Structure formats: C-alpha cells, structure tokens
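In the UniProt record's numbering, the protein residues as written are 1 to 331. Backbone N, C-alpha and C define an ideal beta-carbon position, used for all residues, glycine too. None of the values given here were measured: they were computed from a predicted structure. Below is one structure, written out as structure tokens; the observations come after it.
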Amino acid sequence: MDSSNTPCKLLLCGKSSAENEIAKSLMNNNTLKLPDNVEISTLLHSEILDEPQQNEESFSLSRLMNSLSTNLFGRLLIWSPLLPSTHDLVSNNFGELPIGTVCIADVQYKGRGCLMFSFTIQMEDGQVVPLLQYVVSLAVTEAIKDLCDKNGLPHIDVRIKWPNDLYLNGVNVGGILCTSTYRSQKFNVSAGKNDSSSVICEWFLILTGIGLNVDNEKPTTCLNAVLRELAGAACALRREDIAAAFLNKFEKLYGLFINGTLVDIHIVAFRGLLQISSRCSCSGQRVIIQEKNENQVVENVVTIQGLTPSGYLLAIGEDNQMCELHPDGNR
Numbered sequence: 001m002d003s004s005n006t007p008c009k010l011l012l013c014g015k016s017s018a019e020n021e022i023a024k025s026l027m028n029n030n031t032l033k034l035p036d037n038v039e040i041s042t043l044l045h046s047e048i049l050d051e052p053q054q055n056e057e058s059f060s061l062s063r064l065m066n067s068l069s070t071n072l073f074g075r076l077l078i079w080s081p082l083l084p085s086t087h088d089l090v091s092n093n094f095g096e097l098p099i100g101t102v103c104i105a106d107v108q109y110k111g112r113g114c115l116m117f118s119f120t121i122q123m124e125d126g127q128v129v130p131l132l133q134y135v136v137s138l139a140v141t142e143a144i145k146d147l148c149d150k151n152g153l154p155h156i157d158v159r160i161k162w163p164n165d166l167y168l169n170g171v172n173v174g175g176i177l178c179t180s181t182y183r184s185q186k187f188n189v190s191a192g193k194n195d196s197s198s199v200i201c202e203w204f205l206i207l208t209g210i211g212l213n214v215d216n217e218k219p220t221t222c223l224n225a226v227l228r229e230l231a232g233a234a235c236a237l238r239r240e241d242i243a244a245a246f247l248n249k250f251e252k253l254y255g256l257f258i259n260g261t262l263v264d265i266h267i268v269a270f271r272g273l274l275q276i277s278s279r280c281s282c283s284g285q286r287v288i289i290q291e292k293n294e295n296q297v298v299e300n301v302v303t304i305q306g307l308t309p310s311g312y313l314l315a316i317g318e319d320n321q322m323c324e325l326h327p328d329g330n331r
C-alpha cells in the first residue's frame with residue numbers, strides 16, 4: 001500500500017491540561033515531522049466538540065484516556081488513522097516529545113496490524129536496557145489477562161516466545177521492538193564563589209514499538225478470533241482498552257524494575273516464555289543446538305535454565321557446561 005503522497009492526519013490528546021498545552025504547542029509550532037517530507041495535518045482532540053460516532057472498529061481516544069491511570073506513560077497521545085510507521089514518527093521527533101509519549105495508528109503502510117503503537121522511555125542504567133523488552137512483553141500478557149478477568153471473559157493465554165514475539169495457541173500474534181540511543185551531557189555546577197565542578201549525565205533513550213493482532217484473523221489468528229471460539233460471537237476486546245490496560249500495567253512493572261524492587265526480573269519475565277512446540281514455558285526443556293566445528297555441524301542437547309543478565313537464554317549442556325543462546329532471526 002503506497003500512501004507516501006497522502007497527508008497524515010495526527011490527532012493530539014492530553015490526559016490533563018498540562019499535556020494539552022504541550023499538544024497545543026506542538027501543533028501551533030508545526031513541530032512534528034515525518035521522514036521523506038511526508039505531509040502532516042495536526043488537530044487537537046480537546047478542540048473537537050463532539051467525538052465522531054463510534055462503531056465497533058473506530059478508535060476512541062476518550063475511551064482510552066478515561067481508562068488511563070498512569071503518571072507518565074500515555075498522558076500525551078498521538079493517534080493517526082494512517083501513518084508510514086508509529087516508530088518513524090516517534091523516532092523522528094524524539095527530542096520534541098515528552099518521555100512517555102505514545103503514538104497509535106490504525107494502519108501503517110510500512111506494515112499492517114490492528115493495534116500498533118510506539119512510546120518513549122528514558123533509562124540511566126545501560127546494563128538493564130536489554131531486559132526492558134521482557135518487562136514490556138510481560139506487561140502485554142498481564143494486561144490482556146487482567147482485561148479478560150475484569151470483563152468476565154475467558155482467559156486467552158498470550159505468551160512470550162523469546163526474545164520478542166507474542167504467541168497465542170502456538171502462532172504469532174504480535175511482537176515487541178526496542179531500540180536505544182545513548183546520550184550524555186556535561187553540566188557545570190557551582191556551589192559558591194570559588195567552588196565549581198563538572199557533572200556528566202548519561203542516559204539511554206529507548207523507543208519501544210508494539211504490534212498486536214487484535215481483530216485481523218489473517219495470516220495466522222488474532223485475539224478476538226480465539227475469544228469468540230471460547231465465549232461466543234458477542235465477546236471482543238477493544239484496541240483502546242488493551243492499550244490503556246497495557247500502559248497502566250507497564251508503568252507499575254517499570255517502576256518496580258528501575259527501582260530494583262522487581263528483583264527476580266529474569267524469573268518473572270521467563271514465566272511467560274513459550275517454546276513453540278509446547279504450551280508450557282521454556283524452563284527445564286531440552287532443545288538441540290547446532291554449532292559449527294571446522295567444516296562440520298555438531299548437534300548438542302542443552303536444557304534451558306532461564307535468562308542471562310544480558311537477556312539471552314541460559315542453557316546447560318549434558319557435560320554440565322553453561323552456555324548463552326542468542327536469537328537466530330526466527331529461522
């Protein structure tokens with residue numbers, strides 16, 4: 001679908017007057033840009049007197065905001081019916097958007113899906129950045145579970161296939177993409193007339209993208225198709241409810257994560273991991289790995305133990321040697 005010549009409509013929405021002022025400034029200053037000079041048309045949700053009549057497929061910003069209980073994530077929201085990529089919009093405007101800004105699109109013409117959104121995070125500890133994708137993945141699975149429980153619906157068991165895919169009934173229904181950028185800045189600090197020093201602040205800006213197949217049954221399956229099989233045609237999850245539930249859940253888990261309270265993040269994240277060939281988590285399962293030894297390919301059996309501190313799979317061989325398994329591109 002080539003829509004590069006079609007103006008992209010952006011609707012900016014704030015949770016409070018503070019975020020609405022930021023949205024107004026972004027619109028008035030024509031701040032937001034897209035790659036390749038794609039034309040943008042920006043509107044404020046606060047200036048729309050009556051939100052258009054919603055049908056089952058329409059995305060309701062009011063519904064999302066009314067369900068949002070966060071202090072940071074999602075309080076400034078950018079929605080579009082059609083974008084090249086939510087990732088492109090957020091990454092191209094990283095310096096202009098507050099941390100926690102979320103961008104949601106109905107359709108991306110660089111890839112399609114039913115719930116696709118990106119948001120920004122700032123972290124100081126680079127050692128734990130690789131583990132962030134597991135916190136995001138865990139928040140997705142827990143949010144869907146909580147939403148089903150809240151609405152009295154059967155539990156649909158969305159699980160994590162290491163390292164960043166979301167699976168349901170053994171097939172892919174979504175994925176997580178986290179990209180990070182290192183930043184540093186030197187500040188001169190003065191404590192008195194003859195007392196000054198320099199402080200270097202270092203941090204990582206992380207752009208997180210989530211794709212989740214809510215309604216489209218092709219090419220694999222989707223959340224609502226499985227839900228209908230379990231509970232009947234009248235049952236369905238709405239995209240804005242999932243987005244709000246995720247942001248609420250993620251902010252809680254993220255707070256525990258960065259404060260060190262979520263001590264066993266390796267264990268907690270690993271509970272959701274899915275080995276494709278079974279319905280249980282990977283831990284304790286035996287898999288075959290292939291290693292090149294000169295011109296020969298050697299196969300070894302290892303048992304999955306968990307995650308390494310760097311976020312890869314930890315396994316032990318039959319010779320009791322520990323090894324770290326890296327992704328192979330899902331071949």
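With respect to A244, S67 sits close: the two C-beta atoms are nearer than 7 Å.
For Q285, the secondary structure class from DSSP, reduced to helix, strand or coil, is coil. K150 and L61 have their C-alpha atoms spaced approximately 20 Å apart.
F246 and V298 have their C-alpha atoms spaced approximately 43 Å apart. Burial is judged here by how many other beta carbons sit within 10 angstroms of a residue's own beta carbon; G284 has fewer than 16 and is exposed. DSSP places I316 in the uninterrupted beta strand (DSSP E) bounded by L313 to G317. Under the DSSP definition of a beta bridge, G209 partners with S118 and L177. Across the set S25, Q305, Q296 and G170, the C-alpha of Q305 shows the shortest separation from the C-alpha of V287. The region 214 to 225 and the region 94 to 111 do not touch, with fewer than 3 CB-CB distances between them shorter than 8 Å. Minimum Cα-Cα distance from F250 among the listed residues G170, T181, L132 and G211 corresponds to L132. When beta bridges are read from the DSSP output, E324 appears opposite L314.
Going by beta carbons, M116 and T70 fall outside the 7 Å limit. The Cβ-Cβ distance between S91 and L10 does not fall below 7 Å. Between L230 and P154, the CB-CB gap stays under 7 Å. In the displayed model, D165 falls within a strand according to three-state DSSP. Taking L166 as reference, the option from N293, E142, F73 and D125 with the minimal CA-CA separation is E142.
In the structure shown, the three-state DSSP call for R159 is strand. One thing to note: C8 has its Cβ within 7 Å of the Cβ of L83.
Taking the C-beta atoms as reference points, E19 is found nearer than 7 Å to L76.
A distance below 6 Å between beta-carbons, with the five flanking residues on each side excluded, links A105 to the following residues of its chain, in chain order: S80, L83, T86 and M116. If you draw a 10 Å sphere on the C-beta of K161, you find 16 or more other C-beta atoms in it, and that means buried. Across the structure, V102 and L227 are spaced so that their CA atoms are roughly 27 Å apart. The alpha-carbon of E96 is positioned some 26 Å away from that of Q127.
Nearest C-alpha to S41 among M65, F59 and I78: I78. Within 10 angstroms of the beta-carbon of D36 lie fewer than 16 other beta-carbons, which makes it exposed. A234 sits exposed, since fewer than 16 C-beta atoms from the chains shown fall within 10 Å of its C-beta. Of the residues assessed, C201 falls on the exposed side of the cut-off, its CB having fewer than 16 other CB atoms within 10 angstroms. If only uninterrupted beta strand (DSSP E) runs of at least 3 residues are considered, those enclosed by the region 20 to 103 are 40 to 44 and 76 to 83.
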